[in-house]
Each structure stands twice: as C-alpha cells, then as structure tokens.
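Take a look at the structure set out below.
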Ligand SMILES: Nc1ncnc2c1ncn2[C@@H]1O[C@H](COP(=O)(O)OP(=O)(O)OP(=O)(O)O)[C@@H](O)[C@H]1O
C-alpha cells in the first residue's frame, strides 16, 4: 500500500536524472539510469552493496560528473554548473549520512548553530536561537539543548544530526542508511521522524536503505538499482511482487522467510 501521498506534487520535479552512465576504468557502475524525485516525495532507493547508490548521490550533488546523460536538480543542470554554483546548490540539499557525526566537544546548541553561523551570517543572535530551538523541537529533543553529545543515546544523536541538517532548511534531504546500527524501537522512531520532517518542512527526500521496514514505513515510492539501472519501481508491495532472484532475497532476509 502507498502512503497517503497527498503531499506530493507530481507536476513539480526537484530531481530529474536522464540516461546517466558512469564507469570507473573498466567497471561500469551505472548504465543509463533514469530517475525523478517529485516535490514533497519520499523516494526510497534499494540496491545491493556496490551497485552505485552512493555514486548516484555524488552525481546528483555534482561531486562526480556523469560519462553520459543529464542531471537536473531544483531547475539547474548540475553538469553545467561551476564550483561556486554547485556549492550554492548543495546548500539546498541536506545530507544525513552515517559518518556525519556531531562534534563531541560542542553542546547540542553549538552543534546546531555551527552550520547557521557558517552559511547564514546575516542572522541575529535571536534568529539563531529561534532556528536552533525550532529544529530541536521538531526532532523532539528541546530538553537536550545544553547537553553534550556523549550524554545522549545513539538514537538521540541521530535525531540531532538530522536537526543539524534541517537547520539550513534544505529543499531536498538525502538520508544514507538512516536506521543502520540502531535497535528496532529507535528505528521506528527514526522512520517516524523522517515522515514528520517531510510533513513539517515539505522536503523532498531520497532515502537509501537496506532496512525494508524503513522502506515500507517512509517510502511513497521505491526504486531498486539492479545491474546499473532502476529496473523496478513502485509501491513496497509492487516492488516485491516478483520471483526475480535479484529481488526476492531482500524481502526474505528482512522478513525471515
Ligand atoms: N571514485 C571512485 N573510483 C573508483 N571506483 C569507485 C569510485 N566510487 C565508487 N566506485 C566503485 O563504484 C561501485 C559502486 O560504489 P557505491 O559506493 O556507489 O556503492 P553503494 O551502492 O553505495 O554500496 P553500499 O550499499 O555498500 O554503500 C563500487 O564498486 C565502488 O568501488
């Protein structure tokens, strides 16, 4: 079943990838990938390790150039932008990656202020305080404002990491394995948070995950990278309604068949 989906604007594409290929030497990773992300959509990307999910994110954010094909993000042709324009574009994309750790020597407040002070220098002290408290409240952790990261649980640190990404009010969120290494209850909380973020901040998101409970809970649509292309696309049920030996094991392993 699809999520309600009323928040998605199918007339507005925030990312359009067309016929993109990428090789490293003899290794062809992507072979004519097509992908779109609609405004307000949570799109889950599945695929085995090493199939090119991170390469795709790097292409979308202009860290790598495609060999062939075009990539449009928020109306800009990424492959035609210079470094300065790319940096401006990247400010509109929030990256919530596994290695985006908090600074241990800073309080939660200082961690959250950091991107603002660096990127939005015109803000007053009162505006910074307001922004910090708003995102912290959005992730349900206002009470941790003056705590150190070491005083928080792994799940709480993950939430603060998401808040730190949200504080620049990105149009697009990229979540890389948001539930990896977390216990099942914390996973459920993080999935709920991803959906709340979508509702509150109207973000469009790409969520890379191997966790099918996460995919089912957050995905408006799911795509699966197989042999360098998105060969399967649809709702959770549609994706796994197949005997394809490249797809079934994902389901069977996650749901212990
Ligand atoms: N800069 C690079 N130079 C050479 N090879 C690369 C480079 N970046 C990625 N690759 C190769 O491209 C392939 C796809 O890598 P990628 O990191 O995108 O996989 P992934 O789908 O994100 O995997 P995982 O689920 O394990 O994170 C791998 O074989 C990797 O070694």
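In the numbering used here, the protein residues as written are 613 to 869.
Positions of the beta carbon are idealized from the N, C-alpha and C atoms, including for glycine.
By the Cβ rule, the segment 854-869 does not count as touching the segment 680-690, because fewer than three pairs are nearer than 8 Å.
In this structure, residue 837 keeps its C-beta atom at 8 Å or more from the C-beta atom of residue 680. In the three-state reduction of the DSSP assignment, residue 730 falls in the helix class, which pools H, G and I. Taking a contact as a CB-CB distance under 8 Å, the pair residue 815 and residue 784 counts as one, their CB atoms being some 7 Å apart. In the three-state reduction of the DSSP assignment, residue 624 falls in the strand class. Along the segment 672-756, the beta strand (DSSP E) occurs as fully enclosed runs of 3 or more residues at 680-685, 705-708, listed in sequence order. For residue 843, the enclosing beta strand (DSSP E) stretches over residues 841-846.
Its Cα nearest to that of residue 808, the residue 775 stands out among 795, 769, 775, 718. The beta-carbon distance between residue 832 and residue 655, rounded to whole angstroms, is 7 Å. This is short enough to meet the 8 Å contact definition. If you check the C-beta of residue 830 against ligand 1, you find no heavy atom less than 7 Å away. Residue 810 counts as buried, since at least 16 other C-beta atoms from the protein chains shown sit within 10 angstroms of its C-beta.
When the five nearest sequence neighbours on each side are left out, the beta carbons in the same chain lying within less than 7 Å of the beta carbon of residue 848 are those of 827, 828, 831, 834, in order along the chain.
The continuous stretches of beta strand (DSSP E) do not include residue 803, which lies in the alpha helix (DSSP H) extending over residues 796-813. Using a 10 angstroms sphere on the CB of residue 771, the tally of other CB atoms reaches 16 or more, which defines it as buried. For residue 648, the pairing in a beta bridge is given by DSSP as 628. Boundaries of the alpha helix (DSSP H) harbouring residue 829: 824-830, taken from the DSSP string. The C-alpha of residue 709 is placed about 10 Å away from the C-alpha of residue 792. Residue 813 is positioned such that its CB atom lies no closer than 8 Å to that of residue 780.
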